[in-house]
Amino acid sequence: AQSVTQLDSQVPVFEEAPVELRCNYSSSVSVYLFWYVQYPNQGLQLLLKYLSGSTLVESINGFEAEFNKSQTSFHLRKPSVHISDTAEYFCAVSEDFGNEKLTFGTGTRLTIIP
Amino acid sequence: GAGVSQSPSNKVTEKGKDVELRCDPISGHTALYWYRQSLGQGLEFLIYFQGNSAPDKSGLPSDRFSAERTGGSVSTLTIQRTQQEDSAVYLCASSLAGQGRAGYTFGSGTRLTVV
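One line per chain: the protein sequences are A and B, in this order.
For reference, each letter of the first sequence is one residue, going 1 to 114 in our numbering.
For reference, each letter of the second sequence is one residue, going 1001 to 1115 in our numbering.
Now the structure itself:
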């Protein structure tokens, strides 16, 4: 069965500093990987996804994540964060067979310090 | 509609009562999913509907939970004899056929509080 681990429940970062949110997954088959973001008092939004092809994927607001099969990781990075990046970030995995449910991690709360 | 609509947005109920949560997916989306988000935990898969296929109910935590989807559109999640541990945000998502996992759109959720 698939599983996702987000080791950091909270990450405080100074504004304009870089950040990395860690995500590791476990699965015995091929997977698809996702990062979702939940801004305060808002619903979940897809930030970026890895389905196939290039292992480095980017979002429109400067985040990127790299699929590393050997390390079973899909860490999220941004070189310079802004106050508006304050949110909870969820990593999710979906196995390449059967139904299309997502298995989510427990989330990382990113707090940007002015 | 433009997005996935869930109602009510908030529900407070007494322990032991039944509740119904509604999800109205995006028009044309054939797949519909229910998840539960508990405080300090990730999202937990509950149930999945795809077109006319039998739903995948493997995530329902107990037989107090059930869901149906009428006419391939609106879905209702029913929790019978609610318990305090049922308190959570219940999220619904839908996607187009063929997009599946790649094209989820989530609703804003129903926050259920059992007192």
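Ideal placement from N, C-alpha and C gives every residue a C-beta, glycine not left out.
Where does residue i fall in DSSP's three states?
i	result
isoleucine 83/A	helix
aspartate 96/A	coil
alanine 1031/B	strand
glutamine 1084/B	helix
alanine 1102/B	helix
tyrosine 89/A	strand
tyrosine 1048/B	strand
threonine 55/A	coil
serine 3/A	strand
tyrosine 39/A	coil
phenylalanine 63/A	coil
aspartate 1063/B	coil
serine 26/A	strand
With 16 as the cutoff for other CB atoms within 10 Å, does residue i come out buried or exposed?
i	result
histidine 1029/B	buried
tyrosine 32/A	buried
glutamine 42/A	exposed
serine 1095/B	buried
isoleucine 1047/B	buried
glycine 1016/B	exposed
serine 7/A	For the sequence presented, residue 7/A should be read as leucine rather than serine. Per the 10 Å Cβ criterion, exposed.
serine 1062/B	exposed
glutamate 88/A	buried
threonine 1078/B	exposed
arginine 1069/B	buried
glutamate 95/A	buried
valine 1012/B	exposed
Under the DSSP definition of a beta bridge, which residues are partnered with residue i?
i	result
asparagine 68/A	Ser73/A
isoleucine 988/B	Outside the displayed range of chain B (1001 to 1115) lies residue 988/B, so it cannot be described from this structure.
threonine 1076/B	Arg1022/B, Glu1068/B
glutamine 10/A	Arg109/A
lysine 1011/B	Leu1112/B
glutamine 1041/B	Looking at the DSSP assignment, glutamine 1041/B forms no beta bridge with any residue, so it has no partner.
serine 1094/B	Leu1032/B, Thr1105/B
glutamate 20/A	Arg77/A
leucine 47/A	Leucine 47/A pairs with nothing; no bridge assigned.
valine 119/A	Nothing can be reported for residue 119/A: it is not among the residues displayed for chain A, which extend from 1 to 114.
valine 1004/B	In the DSSP output, where bridge partners are listed per residue, valine 1004/B has none listed.
Quick test of your reading: residue i and residue j, contact by CB under 8 Å. State the CB separation rounded to the nearest angstrom.
i	j	result
glutamate 58/A	glutamate 64/A	5 Å
glutamate 1044/B	tyrosine 1035/B	6 Å
threonine 1105/B	valine 1004/B	5 Å
threonine 108/A	valine 11/A	6 Å
valine 4/A	threonine 103/A	6 Å
glutamate 15/A	histidine 82/A	7 Å
glutamine 1006/B	alanine 1031/B	Actually they do not touch by this definition, with Cβ atoms about 16 Å apart.
threonine 1082/B	leucine 1021/B	Between leucine 1021/B and threonine 1082/B the Cβ distance is about 11 Å, and since that is not below 8 Å, they are no contact.
Under 8 Å Cβ-Cβ, which residues of chain C neighbour residue i?
i	result
alanine 1031/B	Judged by its chain identifiers, the structure shown contains no chain C, and its protein chains are A and B.
Hey, would you say the C-beta of residue i is under 7 Å away from at least one heavy atom of the ligand HEM?
i	result
cysteine 1023/B	With respect to small molecules bound, the structure shown includes none, and the ligand HEM cannot be examined in it.
Scan the region 41-55 of chain A for residues whose Cβ lies nearer than 8 Å to a Cβ of chain B and list them as they occur along the chain. So the list reads Gln42, Gly43, Leu44, Gln45, Leu46, Lys49, Leu51, given in the order they occur along the chain.
With 8 Å as the C-beta to C-beta threshold (strictly closer), list the residues of the region 99-111 of chain A near chain B in chain order. Along the region 99-111 of chain A, the positions whose C-beta sits under 8 Å from a C-beta of chain B are Asn99, Glu100, Lys101, Leu102, Thr103, Phe104, Gly105, Thr106, Gly107, read in chain order.
Scan the region 74-90 of chain A for residues whose Cβ lies nearer than 9 Å to a Cβ of chain B and list them as they occur along the chain. Within the region 74-90 of chain A, contact with chain B at the beta-carbon level (separation under 9 Å) is assigned to Phe90.
Residues of the region 1073-1091 of chain B in Cβ contact with chain A at a cutoff of 8 Å, in chain order, please. The region 1073-1091 of chain B vs chain A, Cβ under 8 Å: Leu1091.
Positions along the region 1053-1066 of chain B whose CB lies within less than 7 Å of some CB in chain A: Taking a C-beta cut-off of 7 Å against chain A, the contacting residues of the region 1053-1066 of chain B are Asp1056, listed in chain order.
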